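In UniProt numbering, the protein residues as written are 1 to 421.
What follows is a short report on a single structure.
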Ligand SMILES: [Zn+2]
């Protein structure tokens, strides 16, 4: 594969500002995402893909037809073209560091912004490689334009190399993943693949099919404001009630003290005054059983406070609302575990050590899996997403492209052997 060609493609994508906006209610959330959508649609047609479509919500789909006679399941590859609202994506000005020597990289001299392996040890994995970094003023957008680059480049490669046998492949590019809506309007029926992979992981080798079960809770504590000089036995301070509730949550089960499969409660917003205080938290756990227990605990604590104040306040003094956000895709992927095995085998064939671990978050793939499209996540190659220290080794983008090609090839082979199970 031609690295320079792939880098050029990647740069043509990151130059287009596609930042999404959580405040917007439209899809795509920002008009400017269309700029890249239009560019991609043209490119997909130009490299020779079929059924290139884009719907009113900017979801792009396209097909690479099968080039074999026998039946092969249709596989899909998915990534998102928006970038995070956390950091600017305007005027991305990438720097290419060839043959990285393992030292500090000056991103911005005037502002003394340094990308250093003393802090970001991962850099040392890529000594001797070609790194693509920011100029310290924007994010890079490797999340997830690296994924888009890999999918387009793999399709182009397969078209140019008809000797590589594969079944039908569907590709899908989505807006608004960074604001949690990438899968919301994804037309799984229209996509009509048997399974898919999101190319949206980080370090080379990552392969993920487990993620958190997730819920958000909002509690509104009420109070009674009375002149503080005459408040004895009358005032109820909702701030202190909220504080009591927070203090009852398990102190060690917070994001900053948990890792691996350990779940948590994360209080992220508290705002209010005497009369009313709102507390918002998120609840996360890989285990469904523990996840349910966590939600129960929040409800139980709220109930206790209500019981205590029933007489004095007359009505429920705290109202608790819990909403599920997404679920662990493992439940949907495990029954078709061979879709993970194929990806793992593809990596090993290419000399990549698979890193299989549970995601401490969610992916579009977890939502898609529950919409009927089982969808593990594969590395796209970038590091330090959503900020100025974001970087991606060109070699990782090329490797991920090769993984896509290999998965297509292996799937067709295994289908012929009848060993896809
Ligand atoms: Zn992403």
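From the three backbone atoms N, C-alpha and C, an ideal C-beta is built for every residue, glycine too.
Here the structure is a predicted model, which means the values were calculated and not measured.
Short note on residue 143: C-beta closer than 6 Å to some heavy atom of ligand 1.
Residue pairing for residue 320: DSSP places it in a beta bridge opposite 219. Out of 292, 93, 310, the CA that lies nearest to the CA of residue 142 is found in 93.
At least 7 Å separates the beta-carbon of residue 256 from that of residue 265. Placement of the Cβ of residue 200 at a distance of less than 6 Å from at least one heavy atom of ligand 1 is found. Per DSSP, the unbroken alpha helix (DSSP H) holding residue 413 starts and ends at 394-417.
Within the segment 8-96, the runs of beta strand (DSSP E) that reach at least 3 residues and sit entirely inside it are, in chain order, 50-54, 60-64, 75-80.
The three-state reading of DSSP puts residue 114 in strand, counting E and B together. Residue 2 is positioned such that its CB atom lies no closer than 7 Å to that of residue 164.
By alpha-carbon distance to residue 413, the top candidate from 70, 31, 352, 39 is 70. In this structure, residue 199 keeps its C-beta atom at 7 Å or more from the C-beta atom of residue 343. Inter-segment contact for the segment 348-367 and the segment 233-241 is absent: fewer than three beta-carbon pairs are separated by less than 8 Å.
In this model, residue 321 and residue 419 are separated by some 47 Å (Cα to Cα).
DSSP, read as helix, strand or coil, puts residue 301 in helix. Contact between the segment 380-395 and the segment 189-206 is present: 3 or more CB-CB pairs across the two stretches fall below 8 Å.
Distance from the CA of residue 278 to the CA of residue 312, rounded to the nearest whole angstrom, comes to 21 Å. Residue 308 has its alpha-carbon roughly 51 Å from the corresponding atom of residue 78.
Check the Cα spacing between residue 332 and each of 235, 65, 398, 196: the tightest is with 196.
Counting only residues of its own chain and dropping the five nearest sequence neighbours on each side, residue 32 has a CB closer than 7 Å to the CB of 17, 18.
The residue from 274, 193, 183, 68 with its alpha-carbon nearest to that of residue 234 is 274. Per DSSP, residue 199 lies in no alpha helix (DSSP H); the unbroken beta strand (DSSP E) holding it starts and ends at 195-201.
Counted as a single uninterrupted DSSP element, the beta strand (DSSP E) harbouring residue 207 occupies residues 206-208. The shortest C-alpha to C-alpha distance from residue 20 to any of 174, 248, 119 is the one to 174. Sequence-distant Cβ neighbours of residue 230 in its own chain, meaning closer than 8 Å and more than five residues away, do not exist here. Note that the C-beta distance between residue 49 and residue 58 is not below 7 Å.
One thing to note: residue 28 has its Cβ no nearer than 7 Å to the Cβ of residue 135. In this structure, residue 169 places its C-beta atom within 7 Å of the C-beta atom of residue 75. The segment 354-372 makes no contact with the segment 105-122: fewer than 3 CB pairs, one atom from each, lie closer than 8 Å. The three-state reading of DSSP puts residue 214 in strand, counting E and B together.
In the DSSP annotation of this structure, the continuous segment of the beta strand (DSSP E) that includes residue 278 starts and ends at 276-285.
Of the candidates 23, 402, 401, 9, the residue whose Cα lies closest to the Cα of residue 36 is 9. When C-alpha distances from residue 411 are compared across 68, 41, 5, the shortest belongs to 68. For residue 339, there is no enclosing beta strand (DSSP E); the residue is found in the alpha helix (DSSP H) stretching over 338-349.
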